[in-house]
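Enquirer: Pasting a structure below so you can have a look.
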RNA sequence: GGGUCGCUAGCUCAACGGUAGAGUACUCGGCUUUUAACCGAUUGGUUCUGGGUUCGAAUCCCAGGCGACCCA
């Protein structure tokens, strides 16, 4: 033993586990009572002078993140959730106090502990002569023996892929990451508190739905086995929360996970968190006020300020926020006044002259306006801005504008160039709603993967009558990105979705009779591909690169079942 | 979907067609004031995968995988 590749390090540590057991100790303890966290000690003894000791008895536990070991003295750094504190480990004191239970305790600690282990200690407080606050340890207990080495103590873990795939390691060695998730938790707690003090009820609605609705997005499809029923993961919470408004709740919200079967980027993760809020007898102006008050309150509560720094730019969240109509903001940016057009072709010509690319499926003035907005305006909206009064074509759940024909009462909130919230005076006319959803369903039938079928039960609810209602949805992840100065959504999601790494083909066999090709992958999963011609199997057997052949000729080309 | 960049020891990186190396970590020895401890010694590799070119490939070419960023 004594090598330094991963397997040898692990074997060495497993041997230490055995040695700890031989001493009559448990390397995987059951419980530890601490008197303090590291930051509490750092704060309490901040005025203790270098070289001073106090007799206060303390107990603390955490992970050993650094060891500096001498012959009869050792300094460990112990890290708990709140921070770090040094342990002052003196052979004489430890052996004296622990002599009854463990002879030669100090040497055992030296030999059997590693960075990464979880250690509990009891002792007094001492600030060393070099000025480092320390626990002057009299007793210790190895609470968990770690088998794998931590990343480089100085450079830490920087490989983004490893940081996301093994977030637990990232959290151990990168304090900033812990801080981000601490702030995230405070943000969601503050939002709930804000709404609860204003009489909003949080009600949980189904994740599994027989129709995906409430947004234009491609859903994930799953299956209930015993009911033999196809189900969708929700793409929004909207339609069920509105049913609750119909049912008589006047203020409801749900903060929860949404699933959209779409690409991954610095702004998108297939599962993300949204909050939707519905308030009866309110309109989108009320929701605008709610939005700016809630977000600025949350920032004040969590960060202590409404002026936040995002990627080097100061964002001022102090209300009131800028309000501008979509027509105005597009005209400011492009010089084109889309209200003046009476036919699509002249609008299209003007748009092209202004440098706007017009996709083939963009065939109304409203959609053209939206294209112009997305292409020329969206990323320029850095400070919080409510863009209001959207075209009806892109807003199937919003109520027609009370004064402006062809538009709806809707706003979206933009901050740092990203859409962060979306809100309407909700459409309550059941016949109008049916007509708009039928148009959506027709698009789905025509092959639009982001369009969805009609939720008849939702329409039935509207027919019973829904009071005038203001609705609001906020992208929690994007809000957290802003408030934690994170450039990527993956920095604020603890375990972001990544592609499976180990899909290498390990072995395969083929049954000529049933034409089933059975493939075992490196990660242990087994897939049975059906109706595979024998020719494919023979080629697979003869190819120089099985993995490459599999990817190009078999994967996605044949139906398969996963073998359990 | 397109483009650019990256992938080498547990971690952070070098080697730019000619013996795969450093720091750190690990292991062993020494050390009672360290804090990236120090001193000495040892060990550690599927250079992401598969082909190709070449006397010779981590390096060049082709295909694939995974990731990052940008664009749509």
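Residue numbers (the numbering used here): 2 to 565.
Glycine included, C-beta positions come from ideal geometry on N, C-alpha and C.
These figures come from a predicted structure and were not determined experimentally.
(1) Which first and last residues belong to the alpha helix (DSSP H) in which residue 173 is found?
(2) What first and last residue would you give for the alpha helix (DSSP H) that runs through residue 349?
(3) Is it true that the region 258-266 meets the region 234-243, where meeting means three or more beta-carbon pairs spaced less than 8 angstroms apart?
(4) Suppose only complete runs of 4+ residues qualify. What are the alpha helix (DSSP H) ranges in the region 56-91, listed by chain order?
(5) Apart from the five residues on each side of it in sequence, which residues of its chain come closer than 8 angstroms, Cβ to Cβ, to residue 308?
(6) Can you check the region 284-328 for any beta strand (DSSP E) of at least 3 residues that lies completely inside it and give the ranges in chain order?
(7) Where are the alpha helix (DSSP H) runs, 4 residues long or more, that stay fully inside the region 415-472, in chain order?
(8) Which residue's Cα is closest to the Cα of residue 191: 89, 296, 178 and 108?
(9) Got a sec, what are the start and stop residues for the alpha helix (DSSP H) residue 255 sits in?
(10) So, at 7 angstroms on beta carbons, what are the nonlocal neighbours of residue 299 in its own chain, with the 5 sequence-adjacent residues on each side left out?
(11) Just to confirm before moving on: does the CB-CB distance between residue 432 and residue 278 stay below 7 angstroms?
(12) Three Cβ pairs or more, each shorter than 8 angstroms: is that satisfied between the region 94-103 and the region 49-60?
(13) How is the beta strand (DSSP E) around residue 134 delimited, first residue to last?
(14) Give a yes or no on contact between the region 387-406 and the region 263-274, applying the rule of three or more CB pairs nearer than 8 angstroms.
(15) Under the DSSP definition of a beta bridge, which residues are partnered with residue 223?
(16) Quick check: the region 73-81 against the region 22-39, are there 3 or more CB pairs under 8 angstroms?
(17) Shortest alpha-carbon distance to residue 130 belongs to which of 68, 49 and 496?
(18) Name the one or two DSSP bridge partners that residue 5 has.
(19) Tell me, to the nearest whole angstrom, how far the beta carbon of residue 150 is from that of residue 117; I am working on the premise that it is less than 8 angstroms.
(20) Should residue 274 and residue 478 be called a contact, given that it needs their Cβ atoms to be closer than 7 angstroms?
(21) Could you check if residue 360 is buried or exposed, using at least 16 other CB atoms within 10 Å of its CB as the buried criterion?
(22) Assuming residue 159 and residue 54 make a contact with CB atoms under 8 angstroms, what is their CB distance in whole Å?
(23) If you reduce the DSSP assignment to three classes, tell me which class residue 565 lands in.
(24) Could you name the residues of the same chain whose beta carbon sits closer than 6 angstroms to that of residue 413, not counting the 5 residues immediately before and after it, in chain order?
(25) What is the DSSP secondary structure of residue 1, reduced to helix, strand or coil?
(26) Can you name the start and end residues of the beta strand (DSSP E) that residue 126 belongs to?
(27) Distance, Cα to Cα, residue 355 vs residue 371?
(28) Using the Cβ count rule (16 or more neighbours within 10 Å means buried), how would you classify residue 337?
(29) For residue 164, count neighbouring C-beta atoms within 10 Å of its own C-beta (all shown protein chains included) and say buried if the count is 16 or more, exposed if not.
(30) Terminal residues of the continuous beta strand (DSSP E) containing residue 387?
(31) Please list the terminal residues of the continuous alpha helix (DSSP H) segment that includes residue 212.
(32) Looking at C-alpha atoms only, which residue of 428, 27, 264 and 458 is the closest neighbour of residue 285?
(33) Provide the residue span of the alpha helix (DSSP H) that contains residue 374, from first to last.
(34) Starting from residue 157, follow its DSSP beta bridges and name the residues at the other end.
(35) Residue 536 by DSSP, collapsed to three states: which one?
(36) Given a cut-off of 7 angstroms, decide if residue 374 and residue 399 are closer than it, judged by their beta-carbon atoms.
Expert: Reading from the atomic positions:
(1) For this step, residue 173 is matched to residue 172 along the first chain. Counted as a single uninterrupted DSSP element, the alpha helix (DSSP H) harbouring residue 173 occupies residues 168-174.
(2) Your numbering for residue 349 matches position 348 in the first chain. Residue 349 -> alpha helix (DSSP H) spans 345-354.
(3) Yes, the region 258-266 touches the region 234-243.
(4) The qualifying runs do not exist here; there are none.
(5) Against the first chain, residue 308 aligns to sequence position 307. Answer for residue 308: 315, 316, 317, 318 and 319, listed in chain order.
(6) 308-311, 314-317 and 323-326, all fully within the region 284-328.
(7) Counting only unbroken stretches of 4 or more residues, the alpha helix (DSSP H) elements lying wholly within the region 415-472 are 431-446 and 457-465, in sequence order.
(8) As a working mapping, residue 191 is identified with position 190 in the first chain. When the alpha-carbon of residue 191 is set against those of 89, 296, 178 and 108, the nearest one is in 296.
(9) Counting from 1 along the first chain, the entry for residue 255 is found at position 254. Under the DSSP assignment, residue 255 falls outside any alpha helix (DSSP H), being part of the beta strand (DSSP E) whose first and last residues are 252-260.
(10) Residue numbering aside, residue 299 sits at position 298 when the first chain is read from its first letter. Cβ neighbours of residue 299 within its own chain (closer than 7 angstroms, five residues either side excluded): 188, 191, 192 and 195.
(11) Reading the first chain from its first residue, position 431 is the one you call residue 432. Reading the first chain from its first residue, position 277 is the one you call residue 278. In this structure, residue 432 lies away from residue 278, with their beta-carbon atoms at least 7 angstroms apart.
(12) Touching, no.
(13) Locating residue 134 in the first chain gives position 133, counting from the first residue. Looking at the DSSP string, the run of the beta strand (DSSP E) that includes residue 134 is 134-145.
(14) No, because fewer than three Cβ pairs between the region 387-406 and the region 263-274 fall closer than 8 angstroms, the two stretches do not touch.
(15) Walking along the first chain from the start, residue 223 turns up at place 222. BP columns for residue 223 point to 232.
(16) They touch, by the three-pair rule.
(17) Mapped onto the first chain, residue 130 falls at position 129. When only C-alpha atoms are compared, the closest one is 49.
(18) As a position in the first chain, residue 5 is number 4, starting the count at 1. Under DSSP, residue 5 forms no beta bridge with any residue.
(19) As a first step, residue 150 is located in the first chain; it is residue number 149 there, counting from the start. As a first step, residue 117 is located in the first chain; it is residue number 116 there, counting from the start. About 7 angstroms separates the beta carbon of residue 150 from that of residue 117, a gap short enough to meet the 8 angstroms contact definition.
(20) In the first chain, the residue the question calls residue 274 occupies position 273. In the first chain, the residue the question calls residue 478 occupies position 477. It is a contact, given that the beta carbons lie within the stated cut-off.
(21) Your numbering for residue 360 matches position 359 in the first chain. Exposed is the call here.
(22) Translated into the one-based positions of the first chain, residue 159 becomes position 158. Translated into the one-based positions of the first chain, residue 54 becomes position 53. For a cut-off of 8 angstroms, the C-beta gap from residue 159 to residue 54 is around 39 angstroms, too long to register as a contact.
(23) Against the first chain, residue 565 aligns to sequence position 564. At residue 565 the pLDDT is 49, less than 50, meaning the model places this residue with poor confidence and gives no usable figure here.
(24) Reading the first chain from its first residue, position 412 is the one you call residue 413. So the qualifying residues of the chain are 388, 420 and 423.
(25) The question about residue 1 has no answer here: the residues shown for the chain are numbered 2 through 565.
(26) For the purposes of this step, residue 126 is taken as residue 125 along the first chain, with counting starting at 1. In the DSSP assignment, residue 126 falls within the unbroken beta strand (DSSP E) covering 119-128.
(27) Sequence index remark: in the first chain, residue 355 carries index 354 (1-based). Sequence index remark: in the first chain, residue 371 carries index 370 (1-based). Taking C-alpha positions only, residue 355 is separated from residue 371 by approximately 14 angstroms.
(28) For the purposes of this step, residue 337 is identified with residue 336 of the first chain, where counting begins at 1. Counting the other CB atoms within 10 Å of its CB gives residue 337 a total of 16 or more, which places it among the buried residues.
(29) The count along the first chain starts at 1 and reaches residue 164 at position 163. The residue is buried, with at least 16 neighbouring Cβ atoms inside 10 Å.
(30) Here the question's residue 387 lines up with position 386 in the first chain. Start and end: 386-392.
(31) Within the first chain, numbered from 1, the residue matching residue 212 stands at position 211. Element bounds for residue 212: n/a, residue is neither H nor E.
(32) Numbered from its first residue, the first chain carries residue 285 at position 284. For residue 285, the nearest C-alpha among the options comes from 428.
(33) The sequence position of residue 374 within the first chain is 373, counting from 1. Segment 366-377, the alpha helix (DSSP H) holding residue 374.
(34) The residue given as residue 157 occupies position 156 in the first chain. DSSP lists no partner for residue 157.
(35) Position 535 of the first chain, counting from 1, holds the residue named residue 536. Here residue 536 sits in helix by DSSP.
(36) As a working note, residue 399 is residue 398 in the first chain. As a working note, residue 374 is residue 373 in the first chain. No, the pair does not count as a contact, with Cβ atoms beyond the cut-off.
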